[in-house]
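Participant: Residues 1 to 114 in UniProt numbering are what the sequence shown spells out, letter by letter. Note that CB positions come from ideal geometry on N, CA and C, so glycine has one too. First the structure, which I've put down as structure tokens, then a few questions once you've had a look.
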Amino acid sequence: MSRKYFTSEQAHVLTLPVVLTEKAWREAVHIEQPKSLTEVAQRLAYTLKAAWHAFMDDPVAERAEFGINRFPPSGDRSHKRFLALKAERKRLPESDSWNLVISLKFEDTEGTNR
Numbered sequence: 001m002s003r004k005y006f007t008s009e010q011a012h013v014l015t016l017p018v019v020l021t022e023k024a025w026r027e028a029v030h031i032e033q034p035k036s037l038t039e040v041a042q043r044l045a046y047t048l049k050a051a052w053h054a055f056m057d058d059p060v061a062e063r064a065e066f067g068i069n070r071f072p073p074s075g076d077r078s079h080k081r082f083l084a085l086k087a088e089r090k091r092l093p094e095s096d097s098w099n100l101v102i103s104l105k106f107e108d109t110e111g112t113n114r
């Protein structure tokens, strides 16, 4: 995402508060016995960056699907696996505010507004 200029729609995506579902956090970010705090931070940053990239081609879409290669949360670092995710814009109830909700691709996120 090394761009000098973003469209107003792309810039808006970058301002949305981000929420990961519990399942998405567990699979994409959490890792048992991390080598350091940096490893967890990098997993979170890479997940968020992948979600933003998914929206950059169609920043007015309500949903973008993407995937990342990830060591499993068990901490087994012998092989990476593909993790299918999605990012959706969700309106907060009784508000004009929106969140960007990251979840597993086939996870039901109805009612996930915070």
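Closest to ALA64 by CA distance: which of ARG70, GLU88, ALA41, ARG77 is it?
Facilitator: Within the sequence shown, numbered from 1, the residue matching residue 64 stands at position 64. It is GLU88 whose Cα lies nearest to the Cα of ALA64.
Participant: Report the three-state DSSP secondary structure of GLY23 (helix, strand or coil).
Facilitator: As a working mapping, residue 23 is identified with position 23 in the sequence shown. Note that residue 23 corresponds to Lys in the displayed sequence, not to Gly. Correct three-state label for LYS23: helix.
Participant: Taking Cβ positions, are PHE82 and GLY67 nearer each other than 8 Å?
Facilitator: Numbered from 1 along the sequence shown, position 82 holds the residue referred to as residue 82. Numbered from 1 along the sequence shown, position 67 holds the residue referred to as residue 67. Contact annotation: PHE82 and GLY67 have beta-carbon atoms nearer than 8 Å.
Participant: Count the other C-beta atoms from every protein chain shown that fall within 10 angstroms of the C-beta of THR7, then say buried if there are 16 or more, exposed otherwise.
Facilitator: Against the sequence shown, residue 7 aligns to sequence position 7. Exposed, by the Cβ-count rule.
Participant: Keeping to the same chain, check which residues put their C-beta closer than 6 Å to that of LEU60; ignore five residues upstream and five downstream.
Facilitator: Reading the sequence shown from its first residue, position 60 is the one you call residue 60. The residue asked about is misnamed: residue 60 is Val in this sequence, not Leu. If you ignore the 5 residues before and after VAL60, its C-beta comes within less than 6 Å of the C-beta of GLU9, all in its own chain and listed in chain order.
Participant: Determine the contact status of LEU104 and ALA51, defining contact as a CB-CB distance below 8 Å.
Facilitator: Your numbering for residue 104 matches position 104 in the sequence shown. Your numbering for residue 51 matches position 51 in the sequence shown. No, they are not a contact pair.
Participant: Looking only at C-alpha atoms, which of VAL13, ALA11, ARG70 sits nearest to TYR46?
Facilitator: Working through the sequence shown from its first residue, we reach residue 46 at position 46. Considering only alpha carbons, the answer is ARG70.
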